[in-house]
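Student: Below you will find the structure I want to go over with you.
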DNA sequence: CACCTATTTCGATTAAAATCTAATTAGAAT
DNA sequence: ATTCTAATTAGATTTTAATCGAAATAGGTG
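Chains as they are written, first to last, in my numbering: chain A, -1 to 191; chain B, -1 to 191.
What follows is the structure, encoded as structure tokens:
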């Protein structure tokens, strides 16, 4: 979803997120009405109604035709139904996200917990720890079997608490270990496949 | 549509009529996120995100579960799709109008142009004139044929400009007249049937 | 052309929402 | 127990939107 489409959707909601504009649509669904009629029915002054109608017309939710010097407004029900199609499927919703840099989060964690290749601390929160573990697991090659000593050696280059990090790898299913023995290997990340 | 339903619909639109809340829904459609993650992704402070999430949760558009001391939010896509069903059919739109007193307009015209049974003036605008003509046509019985003299007599009880009003009845198809002769009769109002 | 009526535009005021900082709560880790 | 972290709540500020009165526009009428 492009930035323009996102803004269009947002404007649609903004337009309908008002009590009196919603009522106007309801009234016009029944029959066409002049500005003065609407202002009487809604108990608003004409300039206010005119303001609301301008917003509705901008999105083509209503249309107007001139009769004498009164402006008669009516509902554009096609535009309204059109707006309604396939709007809230999970797929459409996910498309809203394209405007957001999804890396920002990881960058913040890196900045907070890394000093170059040095891990300053092990994040306490699960989501943060996950980011760091994903970074650290890349120091291991896929398909290679490492002894516990080798694993410790690689981790130690980045942080002294080798035991905790090694255990985290196992718990997060990022590594597996041979049943009785001391051999470890990296597991492919399912979320990347 | 009841007043509560109307307010519920309005709240739904208000909830989605905000750039950051819309983005939140998009982000959560992809995966669950903590408040802090969202605040980084959206470039907002945590309290602001918390505020938005509270509004979304109130309408059950998102749901939360606790993990340690982080709160993980995810999209409630069922609720979202539910909201989307049959919302903007013309029938639903017309139902919005139930809250509005549709008589207000006619009352205003009566007050402005009638003095008891006396018509103070003939409205210039079409919509206003229509209201007065509908009131005046009720002075005639359906199924009765009137001579021009009789028509004039009845109209004259309410306003002196008999010719104009008689002509208006014909133009608005509220009365018909015998081709060559001077007999008039009231036509049933299609909009009432 | 002068006048009347309906609508729109303009500017100002008021009301509502979003956002932030600071303080509070709740849970986890040391 | 004390400290730390994440989230929420409270209060204040800023931003945005709604509403109105006054003035301008435009079309119709005498």
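All residues carry an ideal CB built from backbone N, CA and C; glycine is no exception.
1) Is there a Cβ from chain B that is less than 8 angstroms from the Cβ of residue 172 of chain A?
2) Can you tell me the Cβ-Cβ gap for residue 72 of chain B and residue 30 of chain B, rounded? I've got them flagged as a contact below 8 angstroms.
3) Assign residue 191 of chain B to one of two classes, buried (16 or more other C-beta atoms within 10 Å of its C-beta) or exposed (fewer than that).
4) From residue 127 of chain B to residue 120 of chain B, what does the alpha carbon distance come to, in whole angstroms?
5) In chain order, which continuous runs of the beta strand (DSSP E) of length 3 or greater are located wholly inside the region 159 to 188 of chain B?
6) Could you check if residue 229 of chain A is buried or exposed, using at least 16 other CB atoms within 10 Å of its CB as the buried criterion?
7) On the criterion of 16 or more Cβ atoms from any shown chain inside 10 Å, does residue 142 of chain A qualify as buried, or is it exposed?
8) Mind listing the chain A neighbours of residue 91 of chain B? Cutoff is C-beta to C-beta under 8 angstroms, in chain order.
9) Three-state secondary structure (DSSP) at residue 75 of chain B?
10) Output, in chain order, the set of chain A residues within a Cβ distance shorter than 7 angstroms of residue 102 of chain B.
11) Can you list, in chain order, the residues of its chain with a C-beta nearer than 6 angstroms to that of residue 144 of chain A? Leave out the 5 residues immediately preceding and following it.
12) Entirely within the region 22 to 66 of chain A and at least 4 residues each: give me those alpha helix (DSSP H) ranges in chain order.
13) Out of A:96, A:16, A:86, point me to the one whose CA is closest to residue 6 of chain B's CA.
14) Which one or two residues does DSSP pair with residue 70 of chain B in a beta bridge?
15) List the endpoints of the continuous beta strand (DSSP E) containing residue 143 of chain A.
16) In whole angstroms, what is the alpha-carbon distance linking residue 4 of chain A and residue 96 of chain B?
17) Grouping DSSP H, G and I as helix and E and B as strand, with all else coil, what is residue 120 of chain B?
18) Tell me, please, whether the CB atom of residue 32 of chain B is closer than 8 angstroms to any CB atom in chain A?
19) By alpha-carbon positions, which one of B:173, B:138, B:85, B:168 ends up nearest to residue 156 of chain B?
20) Please check if any C-beta of chain A sits within less than 8 angstroms of the C-beta of residue 65 of chain B.
21) Shortest alpha-carbon distance to residue 86 of chain A belongs to which of B:103, B:77, B:125?
22) Checking contacts by CB at 8 angstroms: is residue 68 of chain A closer than that to chain B?
23) Would the beta-carbon of residue 14 of chain A fall within 8 angstroms of that of residue 91 of chain B?
24) Can you find a C-beta in chain A that's less than 8 angstroms from the C-beta of residue 81 of chain B?
25) What residues in its chain sit with their C-beta under 7 angstroms from that of residue 47 of chain B, if we drop five residues either side in the sequence?
26) Kindly say whether residue 98 of chain B, judged by its beta-carbon, lies nearer than 8 angstroms to any beta-carbon of chain A.
27) Could you name the residues of chain A that residue 147 of chain B contacts, counting a contact when the two beta carbons are closer than 9 angstroms?
28) May I have the straight-line CA-CA distance separating residue 65 of chain B from residue 122 of chain A, to the nearest angstrom?
29) Check each residue of the region 121 to 136 of chain A: if its Cβ is closer than 7 angstroms to any Cβ of chain B, include it; give the result in chain order.
30) Just to confirm, are residue 50 of chain A and residue 82 of chain A a CB contact at a threshold of 8 angstroms?
31) Enumerate in chain order the residues of its own chain whose CB-to-CB distance from residue 185 of chain B is below 8 angstroms, with the five nearest sequence positions on each side excluded.
32) Kindly indicate the opening and closing residues of the alpha helix (DSSP H) around residue 104 of chain A.
33) Run through chain A and tell me which residues come within less than 7 angstroms of residue 12 of chain B, C-beta to C-beta.
34) With DSSP as the reference, identify every bridge partner of residue 140 of chain B, one or two as the case may be.
35) Given this structure, state the Cα-to-Cα distance separating residue 104 of chain A from residue 55 of chain B, to the nearest angstrom.
36) Does the beta-carbon of residue 25 of chain A have 16 or more other beta-carbons within 10 angstroms, so that it is buried, or is it exposed?
Tutor: According to the structure shown:
1) Here the question's residue 172 of chain A lines up with position 174 in the first chain. For residue 172 of chain A, the nearest beta carbon of chain B is not closer than 8 angstroms to its own beta carbon.
2) One-based indexing of the second chain puts residue 72 of chain B at position 74. One-based indexing of the second chain puts residue 30 of chain B at position 32. Indeed, because the Cβ distance is near 4 angstroms, the residues count as touching under 8 angstroms.
3) Taking the first residue of the second chain as position 1, residue 191 of chain B is located at position 193. At residue 191 of chain B, the pLDDT of 39 sits below 50, so the modelled position is not reliable; the number obtained from the coordinates is stated separately. The residue in question, residue 191 of chain B, is exposed, as its Cβ has fewer than 16 Cβ neighbours within 10 Å.
4) Translated into positions along the second chain, residue 127 of chain B becomes position 129. Translated into positions along the second chain, residue 120 of chain B becomes position 122. Whole-angstrom Cα-Cα distance: 7 angstroms.
5) 173 to 175, 181 to 184
6) Residue 229 of chain A falls outside the range modelled here, since chain A spans only -1 to 191, and no answer is possible.
7) If you number the first chain from 1, residue 142 of chain A lands on position 144. Burial call: exposed.
8) The residue labelled residue 91 of chain B in the question sits at position 93 within the second chain. Ordered by position in chain A, the residues that pass the 8 angstroms Cβ test against residue 91 of chain B are 23, 24, 27, 73, 75, 78.
9) Sequence index remark: in the second chain, residue 75 of chain B carries index 77 (1-based). The answer is helix: DSSP assigns residue 75 of chain B an H, G or I state.
10) In the second chain, residue 102 of chain B corresponds to position 104, counting from 1. Under a criterion of Cβ atoms nearer than 7 angstroms, the residues of chain A adjacent to residue 102 of chain B are, in order, 38, 39.
11) In the first chain, residue 144 of chain A corresponds to position 146, counting from 1. These residues qualify, in order along the chain: 182.
12) 33 to 40, 44 to 56
13) In the second chain, residue 6 of chain B corresponds to position 8, counting from 1. Measuring from the Cα of residue 6 of chain B, the nearest candidate turns out to be A:16.
14) Counted from its first residue, the second chain places residue 70 of chain B at position 72. Paired residues: B:32, B:63.
15) The sequence position of residue 143 of chain A within the first chain is 145, counting from 1. Its beta strand (DSSP E) spans residues 143 to 145.
16) Numbered from 1 along the first chain, position 6 holds the residue referred to as residue 4 of chain A. Numbered from 1 along the second chain, position 98 holds the residue referred to as residue 96 of chain B. Roughly 32 angstroms between the two C-alpha positions.
17) Reading the second chain from its first residue, position 122 is the one you call residue 120 of chain B. The answer is coil: DSSP assigns residue 120 of chain B none of H, G, I, E or B.
18) Locating residue 32 of chain B in the second chain gives position 34, where the first residue counts as 1. With 8 angstroms as the cut-off, residue 32 of chain B counts as an interface residue toward chain A.
19) Taking the second chain and counting its residues from 1, one reaches residue 156 of chain B at position 158. If we check each option's Cα against that of residue 156 of chain B, B:138 comes out closest.
20) Here residue 65 of chain B corresponds to residue number 67 of the second chain, with the count starting at 1. Chain A contact via Cβ: present.
21) For the purposes of this step, residue 86 of chain A is identified with residue 88 of the first chain, where counting begins at 1. Comparing Cα-Cα distances from residue 86 of chain A to each of B:103, B:77, B:125, the minimum goes to B:77.
22) Residue 68 of chain A sits at position 70 when you count from the first residue of the first chain. Yes - at least one Cβ of chain B is within 8 angstroms of the one on residue 68 of chain A.
23) Translated into positions along the first chain, residue 14 of chain A becomes position 16. Translated into positions along the second chain, residue 91 of chain B becomes position 93. No, the Cβ-Cβ distance between residue 14 of chain A and residue 91 of chain B is not below 8 angstroms.
24) As a first step, residue 81 of chain B is located in the second chain; it is residue number 83 there, counting from the start. Yes - at least one Cβ of chain A is within 8 angstroms of the one on residue 81 of chain B.
25) If you number the second chain from 1, residue 47 of chain B lands on position 49. Taken in chain order, the residues that qualify are 33, 36, 37, 40.
26) As a position in the second chain, residue 98 of chain B is number 100, starting the count at 1. Interface residue, yes.
27) Walking along the second chain from the start, residue 147 of chain B turns up at place 149. Residues of chain A with a Cβ closer than 9 angstroms to the Cβ of residue 147 of chain B do not exist, since the nearest Cβ in that chain sits about 32 angstroms away.
28) Your numbering for residue 65 of chain B matches position 67 in the second chain. Your numbering for residue 122 of chain A matches position 124 in the first chain. Computed Cα separation, rounded: 12 angstroms.
29) 123, 124, 125
30) Reading the first chain from its first residue, position 52 is the one you call residue 50 of chain A. Reading the first chain from its first residue, position 84 is the one you call residue 82 of chain A. Cβ distance not < 8 angstroms, so residue 50 of chain A and residue 82 of chain A don't count as in contact.
31) Numbered from 1 along the second chain, position 187 holds the residue referred to as residue 185 of chain B. If we look at residue 185 of chain B and ignore the five residues flanking it on each side, its Cβ neighbours are 171, 172, 173, 174.
32) The count along the first chain starts at 1 and reaches residue 104 of chain A at position 106. Run containing residue 104 of chain A: 102 to 111, per the alpha helix (DSSP H) assignment.
33) Position 14 of the second chain, counting from 1, holds the residue named residue 12 of chain B. What residue 12 of chain B touches in chain A: 15.
34) Walking along the second chain from the start, residue 140 of chain B turns up at place 142. For residue 140 of chain B, which the question treats as bridged, DSSP gives the partners B:184.
35) Position 106 of the first chain, counting from 1, holds the residue named residue 104 of chain A. Position 57 of the second chain, counting from 1, holds the residue named residue 55 of chain B. So the two alpha carbons sit approximately 26 angstroms from each other.
36) The residue labelled residue 25 of chain A in the question sits at position 27 within the first chain. Result: buried.
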